[in-house]
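Residue numbers (my numbering): 815 to 929. We put the CB at the ideal spot given by N, CA and C, even for glycine. First up is the structure itself, then whatever we jot down about it.
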């Protein structure tokens, strides 16, 4: 790397009488590896620390009685969706019937072609 030797040469000029400081050259691959390691640690430990914090605060997961109401609501939603699908099927059947009637009625009304 070109920048590291230049900085090492400028340090003694900036501070007269100070010993020359040798800066360590860091490769870009090393920086990437350190970033990957800390990123992986963050991904693993963040959820664990959140769970530990919630446990220490006394907030736990929802209990089973709270979930019983959800099952009843889901059953009602399922029945409502079934009823709506039946109504949509009835509407589409009526639309097909009316379309068929209009198509049959419109066909004979055309005058026969004359030469």
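- Leaving aside the five residues that flank residue 853 on each side, none in its chain has a CB nearer than 8 Å to its CB.
- Counting only residues of its own chain and dropping the five nearest sequence neighbours on each side, residue 902 has no CB closer than 7 Å to any other CB.
- Judged by DSSP in its simplified three-state form, residue 927 adopts coil rather than helix or strand.
- In this chain, the alpha helix (DSSP H) harbouring residue 856 covers 842 to 871.
- Taking the Cα positions, residue 906 is about 26 Å away from residue 889.
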